[in-house]
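This report concerns only the one structure given below.
There are 2 protein chains.
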Amino acid sequence: MTIDRLALIGVGLIGGSLARGLKRSGAVGQVVGVARTRETLRKALELGVIDRAEDRVEAAAAAADIVVIATPMQTIPLILDSLDACIGRHTVVTDVGSAKGYVVKAVETHLPRNRDRFVPGHPIAGREHAGVEASTADLFEKKSVILTPCEYTDPEATELVAAMWRETGANVENMDARIHDQVLAATSHLPHVVAYALVDFLARQSEADMLFRLAAGGFYDFTRIASSDPVMWRDICLTNDEALLAVLQGYRGTIDQLIDAVKRSDGDALRECFERSKRSRDAGLEGKAGGSR
Amino acid sequence: MTIDRLALIGVGLIGGSLARGLKRSGAVGQVVGVARTRETLRKALELGVIDRAEDRVEAAAAAADIVVIATPMQTIPLILDSLDACIGRHTVVTDVGSAKGYVVKAVETHLPRNRDRFVPGHPIAGREHAGVEASTADLFEKKSVILTPCEYTDPEATELVAAMWRETGANVENMDARIHDQVLAATSHLPHVVAYALVDFLARQSEADMLFRLAAGGFYDFTRIASSDPVMWRDICLTNDEALLAVLQGYRGTIDQLIDAVKRSDGDALRECFERSKRSRDAGLEGKAGGSR
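Here's what the structure looks like:
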């Protein structure tokens, strides 16, 4: 495939890595970037991630074949407002946000005339480090990218976005937005909240300094995801609140069962939970090793 | 230092690594091992971890300078019964269990005549793999070993055990048994229970297969400790139940606060929690890098 012009709204880790991946495979002609700061645009130009910088969304999107929104999720409505006024009927728009129900609602409200040209997307990939400096051409290789087209989405638009992601080495699959949000709440958003809660609980103990000093290496591996960007995770919690609440409450139920088991000295209940957990995780890992990622 | 004869009751990862570490530094003459199975003793002899195998605790402990109990914690009372009847007044006994209040109680009940010769100990080190085959001479290098002597413990016995651990490259510190149990509950036992609960909760969802397939790599790093030995962790939960319950209930309180914050769409509360968590963890890591481990 060839995308003559790609407009990249937000030139961070994800947007930058997409541009690099497409350039590496020769799938894109020109990448036009828009960013919140001039500094980011300067770096992105310097690194060759983008070919041209624009100040305004409208200027970047003009004559673009694909517009990729890769900004913090809460900015998406404003960007859609700008796009609805300026994009041509041939332009396809997509995003990379972690909560698809939220994005679909935003599209229906803020991109009403062109909602059929919008393909909600979510690459399941990331790194500890953020920013365009951390972007790499291989970030999406063998990773899953989930697209959640609606019944009104133009199938050709969906196919174009899928083809774009495949150029970066990703495996693309379609899913209902609601299912996506439930799956991500369970496998990504819940673990992050659980890790944040654990570290925060310990940090608020009177002997916190000693706790962190004596914590073994395993503790720091376990809580690595609690070093993620707090603002990004606040936004994910607020935009995927419904699905997140459901799994958080279910998880609290499991914690309650374990508290009861410890209170009752119920060794069998504890062992059953721990064994089920170990078995599932080990089986999941085997599936990964033999599977597509 | 030189330990002429060390009796090792339990020849697994921890006991085996201690024997190897002492042999490497030339700090031990003969290591006599006792294990639950002949197969383990055969392997330990073959690997040179022990020099002699014995079937019975009494035979191994006779004429030993130090007896190290490195078995699952729930077997400690029975082993102490055997030792109380046979050890000489010069013999020092220690253990490696994760819950020191439990061990102290067991010593007072099952080693009454020699309780001043017993030094409760806990090396904070481990690996994913168990068994004597996984033991290494450097397992304790730069790791913390905590000793929790009681007011009746012979200070010379405590010093002997401390010197032994220092020969393996460990940093030894003394601590009250109660404090040890609270610290370990917070930094090790709680994280394990949290990880087990998370994986078990997901495993019991109807779409569990899809969840584990779509979980990103970060999920498997995060839950690595949920692949730990379920029986060992059941025993830790049962033997350190009081301190574990306190932190589990406190942690549940933090989860409840986050649930409320998501319900209220309280972005400030979420961000504050996530920022405090990230700051504490990052600061703890810096302390580690610049500190003693």
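Same order as they appear, the protein sequences are chains Z and L.
Heads up, the first sequence is in our numbering, so the first residue is 1 and it goes up one at a time.
Heads up, the second sequence is in our numbering, so the first residue is 1001 and it goes up one at a time.
Even glycine gets a Cβ: it sits at the ideal position worked out from N, Cα and C.
C-beta contact flag for residue i and residue j at 8 Å
| i | j | result |
| --- | --- | --- |
| Z:R140 | Z:G21 | A small fix is needed here, since residue 140 of chain Z is Phe in this sequence, not Arg. Yes, the pair counts as a contact, with Cβ atoms nearer than the cut-off. |
| Z:S135 | Z:L13 | yes |
| L:A1125 | L:K1143 | yes |
| Z:L184 | Z:N240 | yes |
| L:A1157 | L:V1067 | no |
| Z:L270 | L:C1237 | yes |
| Z:S280 | L:V1199 | yes |
| Z:V172 | Z:R166 | yes |
| L:Y1196 | Z:F274 | yes |
| L:V1132 | L:G1016 | yes |
| Z:V119 | Z:V57 | no |
| Z:V32 | Z:A19 | no |
| L:G1284 | Z:A61 | no |
| L:L1080 | L:A1063 | no |
Best match in the options for proximity to residue i [C-alpha to C-alpha]
| i | options | result |
| --- | --- | --- |
| Z:E39 | Z:T136, Z:G10, Z:A185, Z:L238 | Z:G10 |
| Z:A261 | L:S1265, L:T1254, L:D1235 | L:D1235 |
| L:H1192 | L:R1279, L:G1267, L:L1244, L:C1150 | L:L1244 |
| Z:T254 | Z:L238, Z:A163, Z:R276 | Z:R276 |
| L:K1263 | Z:V247, Z:F274, Z:R36, Z:G267 | Z:V247 |
| Z:A70 | Z:I87, Z:F222, Z:M232 | Z:M232 |
| L:K1278 | Z:C273, Z:T37, Z:V194 | Z:V194 |
| Z:T187 | L:R1166, L:F1219, L:S1206 | L:F1219 |
| Z:D138 | Z:T37, Z:L147, Z:P123, Z:P149 | Z:P123 |
| Z:E286 | L:D1081, L:F1212, L:E1133, L:D1055 | L:F1212 |
| Z:M210 | L:M1073, L:I1146, L:V1049 | L:I1146 |
| L:D1181 | L:T1153, L:E1242, L:Q1205, L:S1206 | L:E1242 |
| L:R1113 | L:R1127, L:H1090, L:R1052 | L:H1090 |
| Z:P72 | Z:V32, Z:A99, Z:E207 | Z:A99 |
| L:K1023 | L:K1043, L:K1105, L:L1047, L:D1154 | L:L1047 |
| L:R1117 | L:V1096, L:T1109, L:A1106, L:P1155 | L:P1155 |
| Z:G88 | Z:A27, Z:D95, Z:A59 | Z:A59 |
| Z:C150 | Z:R115, Z:T223, Z:A163 | Z:R115 |
| Z:T109 | Z:D95, Z:V96, Z:C86, Z:I76 | Z:I76 |
| L:M1164 | L:L1083, L:R1052, L:V1096 | L:V1096 |
| L:G1026 | L:D1004, L:G1121, L:Y1152 | L:D1004 |
| Z:I225 | L:L1080, L:D1282, L:D1266, L:Q1249 | L:D1282 |
| L:D1176 | L:L1008, L:H1189, L:T1148 | L:T1148 |
| L:D1065 | L:L1083, L:Q1074, L:I1259, L:A1170 | L:L1083 |
| L:F1222 | Z:Q205, Z:T2, Z:P230, Z:H189 | Z:H189 |
Cβ of residue i within 8 Å of any chain Z Cβ
| i | result |
| --- | --- |
| L:D1200 | yes |
| L:R1020 | no |
| L:Y1152 | no |
| L:P1149 | no |
| L:T1254 | yes |
| L:V1103 | no |
| L:V1145 | no |
| L:P1191 | yes |
| L:M1210 | yes |
| L:V1172 | no |
| L:T1168 | no |
| L:T1223 | yes |
| L:G1290 | Summary for L:G1290: the model assigns pLDDT 42, below 50, so the residue's position carries little reliability; its value from the coordinates is reported in the next sentence. Closer than 8 Å: no. |
| L:D1282 | yes |
Local conformation of residue i per DSSP, three classes
| i | result |
| --- | --- |
| L:I1009 | strand |
| L:V1049 | coil |
| Z:D4 | strand |
| L:Q1030 | strand |
| L:E1275 | helix |
| Z:E173 | strand |
Minimum Cβ-Cβ distance from residue i to chain L less than 8 Å
| i | result |
| --- | --- |
| Z:M73 | no |
| Z:C86 | no |
| Z:E275 | yes |
| Z:G97 | no |
| Z:P77 | no |
| Z:R271 | yes |
| Z:P297 | Summary: the structure shown does not reach residue 297 of chain Z, with chain Z confined to residues 1 through 293, and so no result is reported for it. |
| Z:K100 | no |
- Any chance you could list the alpha helix (DSSP H) runs of at least 4 consecutive residues sitting entirely within the stretch 1080-1150 of chain L, in chain order? 1100-1110
- Message: If we require 4 or more residues per run, which alpha helix (DSSP H) segments fall completely within the stretch 1178-1261 of chain L?
- Response: 1190-1203, 1208-1214, 1217-1222, 1230-1239
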